[in-house]
Amino acid sequence: MQDRYDHAAVERAAQAFWGETRAFAVAEDPARRKYYCLCMFPYPSGRLHMGHVRNYTMGDVLTRYMRMQGYNVLQPMGWDAFGLPAENAAMKNGVPPAKWTYDNIAYMKGQLQQLGFALDWNRELATCQPEYYKWNQWLFLRMLERGIAYKKTGVVNWDPVDQTVLANEQVIDGRGWRTGALVEKREIPMYYLRITEYAQDLLDELQHMTEWPERVRAMQANWIGRSEGVRIGFPYELEGERHVLSVFTTRADTLMGATFCAVAAEHPLATHAARNDPALAAFVEECKRGTAQEAEIAVMEKRGMPTGQFVTHPLSGEKIPVWVGNYVLMTYGEGAVMGVPGHDERDFHFAVKYGLPIKFVIRPPGASVETFSKTQWQPEYGAYGVCIHSGKYDGLDYQAAVDAIAADLQAKGLGEKQVQWRLRDWGISRQRYWGCPIPLILCPACGDVPVPDEELPVVLPENLVPDGTGNPLNKTPSFYECKCPKCGGKARRETDTMDTFVDSAWYFARFACVDDYQAMVDERANYWMAVDQYIGGIEHAILHLLYSRFWMRVMRDMGLIEVKEPFVRLLTQGMVLNNIYSRSTGEGRVEYFHPDDVAVQLDANGAPVGATLRSDGKPVQWEGMRTMSKSKNNGVDPTDLVARFGADSIRVFMMFKAPPEDTLEWSDDGVEGSARFLRRLWRMVWEHLEKGPSATAPRQDLVALSPVQREMRRMAHATLVKVTDDYGRRRVFNTAIAAVMELMNALQKFDDDSQQGRAVRHETLELIVQMLAPIAPHICHALWNELGHKDALIDHPWPQPDQQALVQDRIQIVVQVNGKLRAHVEISANAGESEVRTAALDDPTIRKWIEGKPVRKVIVVPGKLVNVVV
RNA sequence: GCGAAAGUGGCGGAACUGGUAGACGCGCUGGAUUUAGGUUCCAGUGGGCAACCCCCGUGAGGGUUCGAGUCCCUCCUUUCGCACCA
69 MQDRYDHAAV ERAAQAFWGE TRAFAVAEDP ARRKYYCLCM FPYPSGRLHM
119 GHVRNYTMGD VLTRYMRMQG YNVLQPMGWD AFGLPAENAA MKNGVPPAKW
169 TYDNIAYMKG QLQQLGFALD WNRELATCQP EYYKWNQWLF LRMLERGIAY
219 KKTGVVNWDP VDQTVLANEQ VIDGRGWRTG ALVEKREIPM YYLRITEYAQ
269 DLLDELQHMT EWPERVRAMQ ANWIGRSEGV RIGFPYELEG ERHVLSVFTT
319 RADTLMGATF CAVAAEHPLA THAARNDPAL AAFVEECKRG TAQEAEIAVM
369 EKRGMPTGQF VTHPLSGEKI PVWVGNYVLM TYGEGAVMGV PGHDERDFHF
419 AVKYGLPIKF VIRPPGASVE TFSKTQWQPE YGAYGVCIHS GKYDGLDYQA
469 AVDAIAADLQ AKGLGEKQVQ WRLRDWGISR QRYWGCPIPL ILCPACGDVP
519 VPDEELPVVL PENLVPDGTG NPLNKTPSFY ECKCPKCGGK ARRETDTMDT
569 FVDSAWYFAR FACVDDYQAM VDERANYWMA VDQYIGGIEH AILHLLYSRF
619 WMRVMRDMGL IEVKEPFVRL LTQGMVLNNI YSRSTGEGRV EYFHPDDVAV
669 QLDANGAPVG ATLRSDGKPV QWEGMRTMSK SKNNGVDPTD LVARFGADSI
719 RVFMMFKAPP EDTLEWSDDG VEGSARFLRR LWRMVWEHLE KGPSATAPRQ
769 DLVALSPVQR EMRRMAHATL VKVTDDYGRR RVFNTAIAAV MELMNALQKF
819 DDDSQQGRAV RHETLELIVQ MLAPIAPHIC HALWNELGHK DALIDHPWPQ
869 PDQQALVQDR IQIVVQVNGK LRAHVEISAN AGESEVRTAA LDDPTIRKWI
919 EGKPVRKVIV VPGKLVNVVV
């Protein structure tokens, strides 16, 4: 054995061993308990970033741990390979997205291999491969047959200069990112999936998903957004015909206070009214141009214009005006709301601004009617209370009023109780090139005709280069020219592609059977599914996870798979941050400097007081810690780090620096510390073996151990108990590493070269190596063999703590007086309560504290603490 | 705006079920070895006090309890998500 730890040699050897023995290729084995550990697959953006490294290290730790626990563990890897960045890169470099993507995949795969992840590469897939996306298309057609997929118009961002649809991301302050042109809204036909059909089940099942983080479940529940209320019809006449304006409200009890209605700019009533009103038409246009993002709508100024149209209040018969409001969402409910300024804050401000009447019809609990203000909103106006000024409903509370009003409306045919969802159907059409083609043929005679199954997949040409002016498929006759499968006439192939969330909605099931070209999934998927542990970023808490849950339900309902919940346990890992340093270069421009190029000045305590650029010594501005990004020049490259420190040091650092769900602050010093820890471990094993070959390492005689030896051994096994709990139950790794560090600190001080002492040290070192194996697999692989084992550590069972070693004769008890720590006493571990109590009260320090004061109460917590109340 | 989290030394964090606040690491200070630097080893490191067996201390304020970082209420701050980025 070498005295120095050579991480490069150690990692090369371990990876070669795993490669040669095909250690991570797994097969279905009904005799063994399976465990499917999956990290969200990466978008092949070019290089791995540290967020990937953190994510995949967590997955690898659990994979290796569960494998040592005896499970048949699957950990696959693939590529979420369709998407916008490839098109952007193509425009910039003139390279087809396919080539850019495949090159990135090759590079990133090499990076993953350097890090030593226990991945079954036989199952690798990329969503841009026809063998994969064929099944997106196939299932889409099945959904179409079942009415789960359907066509309707949807609103998109339109860049009038480039003549192209823009993603929200490509719209900056209402303008196209490349052209700077004012973005318009366009309504175009699109395909939608009826996820709302599953809303109730998606919501209900959340209650049982106890191994998902509470906050993710809450976010999904809010997103699905079930609300119970009443749909109310406001009749009106238009050109002699009777129409009804439908609104949804959860506050039907305030209906008697409705003084106006407001509709979205896209609402048919608004469209009709704008026809003869140029000012209104202009306003409607302006609203449509505005943002569709809920966050922006919520904070922008509420504005409106009257349509000139009046509707009839369904209960009072009053005429009330209809306005167009820029805050009304066409996509929620009916695209129209009733305005109750007395009891809704938004309506109140709207009414004050435009001089609309305000009626108070609810008396909030504890408020007096006389204090109602028509100029100043008070939060209690929005509270539930008792109806007033509401005619026959006066005196009813919320529920009674809603029931009575709903019943009356129903009797008139002008409304009923209704459940409303915030969740909307999933629009999957994208007017983009680099995605999965939607398998339809647009025939002038037959309409949208599905591509016959035997012609699937509709293959996306891989040689096109988008130029920013629309989807290049529209300029590629060899792609779009086709015949109608129904009538045989000349037709045009659909050039829209699918949302990339479709690709990621079921890839985890395909990993079970990537080589099956006859079916989307087969029996093997039922062996591996559901994913036992899914790990990924919190940013996917809603969309990706919800779409996957929906997609599994569709597959299950078609009999393709047995499970409906794809992910049993979910771990949402935090982001990786780094310092940002900048300097203003004048003219409002800012230059960012990489943290490696900046020297930080410290005060006597080591607290930073300033920073300078190394190259010129002049100060730079510290802008705090943010996620690593190119634009802030604060990224670090995994490949550089592996070369400098080794994969194991990086893995240890990433697991040690923060708990999995928290953000992690990058620091080179921290990685250096992890490297130091591994070097120490290496040297401890080396020094131990220097004193005698491992083969002759003696076994200890438990009875003959000295108290110091017994304590050393107890600590080793107690650490094993803790580390096992951290990996297996708590899923936190920082505390597991800290516990091993403590154990190593104790072992360093354990200076005993007797036969028994060496035996205890040998056992402790073996335990340390086994406990660290999931996190630092390469060095542990090497040390395990150095310690005299012929088998590979990856296949060695996880160690069991020796219960006898854990037994303690004497324990320390904390003694408090009035809740403040005053003394420690050592007593026999099996002392009874009265014995503990006596020992505590007899302690000289405690006697001093309670001298002359009557002892009112003594609380004894067995094995832990005594609190004396005086 | 709505929804979801989080606030503990110079820094990252630990304290898991209400029971010793600051484990472990980074940084910093002093020392030893080497001495070109780095590496390695030892000691110290929340604040106050000359010092302690003392006092204070977990974003702010209040409450429950023998006992609160942990539970409850009010407030402040920060971060994340909001449907075409993935």
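So the mapping is simple: my numbering equals the position in the first sequence, first residue as 1, plus 68.
Positions of the beta carbon are idealized from the N, C-alpha and C atoms, including for glycine.
Owing to the predicted nature of the structure, the values given are computational and were not obtained by experimental measurement.
Top-ranked residue by Cα proximity to residue i, from the options
{"i": "Phe208", "options": "Leu508, Asn290, Glu901", "result": "Leu508"}
{"i": "Trp852", "options": "His830, Leu628, Gln268, Val312", "result": "His830"}
{"i": "Arg431", "options": "Pro98, Leu424, Gly515, Ser441", "result": "Ser441"}
{"i": "Pro505", "options": "Tyr259, Val229, Glu484, Gln268", "result": "Tyr259"}
{"i": "Lys253", "options": "Asn225, Tyr395, Met368, Arg560", "result": "Asn225"}
{"i": "Asp269", "options": "Ala559, Pro409, Leu491", "result": "Leu491"}
{"i": "Phe576", "options": "Leu611, Val163, Ile648, Met620", "result": "Met620"}
{"i": "Arg782", "options": "Asn813, Asp870, Ile862", "result": "Asp870"}
{"i": "Leu861", "options": "Asp910, Gln872, Ala844", "result": "Ala844"}
{"i": "Arg80", "options": "Ser742, Thr195, Gln181", "result": "Gln181"}
{"i": "Arg101", "options": "Phe351, Tyr73, Arg115, Val141", "result": "Val141"}
Residues of its chain near residue i, where Cβ-Cβ distance is below 6 Å and the 5 sequence neighbours each way are ignored
{"i": "Ala667", "result": "Thr680, Arg682"}
{"i": "Pro257", "result": "Lys219, Thr221"}
{"i": "Val592", "result": "For the record, residue 592 in the displayed sequence is Arg; it is not Val. Taken in chain order, the residues that qualify are Glu96, Ala580, Cys581."}
Rounded distance between the beta-carbons of residue j and residue i, thought under 8 Å
{"i": "Asn802", "j": "Lys916", "result": "Contact doesn't hold; Cβ gap of about 41 Å is too wide."}
{"i": "Leu193", "j": "Val688", "result": "In fact, because the Cβ distance is near 44 Å, the residues do not count as touching under 8 Å."}
{"i": "Val934", "j": "Arg924", "result": "Their Cβ separation, rounded to whole angstroms, is 14 Å, which puts Val934 and Arg924 out of contact at 8 Å."}
{"i": "Ile263", "j": "Asp493", "result": "6 Å"}
{"i": "Pro303", "j": "Val367", "result": "Actually they do not touch by this definition, with Cβ atoms about 34 Å apart."}
{"i": "Ile426", "j": "Pro409", "result": "4 Å"}
{"i": "Pro842", "j": "Val129", "result": "4 Å"}
{"i": "His411", "j": "Gly450", "result": "6 Å"}
Cβ pair residue i, residue j closer than 7 Å
{"i": "Gly244", "j": "Val251", "result": "yes"}
{"i": "Glu155", "j": "Pro165", "result": "yes"}
{"i": "Glu562", "j": "Asn594", "result": "no"}
{"i": "Ala286", "j": "His846", "result": "no"}
{"i": "Val527", "j": "Pro112", "result": "no"}
{"i": "Leu811", "j": "Glu834", "result": "no"}
{"i": "Cys105", "j": "Thr131", "result": "yes"}
{"i": "Ala891", "j": "Val883", "result": "yes"}
{"i": "Ser616", "j": "Pro634", "result": "yes"}
{"i": "Ser497", "j": "Asp564", "result": "yes"}
{"i": "Gly297", "j": "Phe316", "result": "yes"}
{"i": "Ile173", "j": "Trp147", "result": "yes"}
{"i": "Met159", "j": "Leu757", "result": "no"}
{"i": "Leu815", "j": "Thr832", "result": "yes"}
{"i": "Gly376", "j": "Ala333", "result": "no"}
{"i": "Arg578", "j": "Leu510", "result": "no"}
{"i": "Met134", "j": "Tyr103", "result": "yes"}
Residue environment, residue i, which counts as buried when at least 16 other CB atoms sit within 10 Å
{"i": "His785", "result": "buried"}
{"i": "Gly556", "result": "exposed"}
{"i": "Lys421", "result": "exposed"}
{"i": "Pro110", "result": "buried"}
{"i": "Leu348", "result": "buried"}
{"i": "Gly407", "result": "buried"}
{"i": "Lys202", "result": "buried"}
{"i": "Val229", "result": "exposed"}
{"i": "Ala217", "result": "buried"}
{"i": "Ile240", "result": "exposed"}
{"i": "His60", "result": "Outside the shown range of the chain, which is 69 to 938, sits residue 60, and nothing can be said about it."}
Own chain residues within Cβ distance below 8 Å of residue i, not counting five before or after
{"i": "Pro520", "result": "Pro553"}
{"i": "Met696", "result": "His117, Met118, Gly119, Val644, Leu645, Asn646, Asn702, Gly703, Val704, Trp734"}
{"i": "Gly127", "result": "Cys105, Leu106, Cys107, Gln143, Phe185, Gln601, Ile603"}
Same chain, Cβ closer than 7 Å to residue i, neighbours up to 5 away in sequence not counted
{"i": "Trp206", "result": "Asp521, Leu524, Met588"}
{"i": "Arg665", "result": "Sequence inspection shows Asp at residue 665; the Arg mentioned does not correspond to that position. Leu681, Arg682, Ser683."}
{"i": "Val570", "result": "Asn204, Ile496, Cys504"}
{"i": "Trp502", "result": "Phe150, Gly151, Ala154, Glu155, Pro165"}
{"i": "His612", "result": "Phe569, Ser572"}
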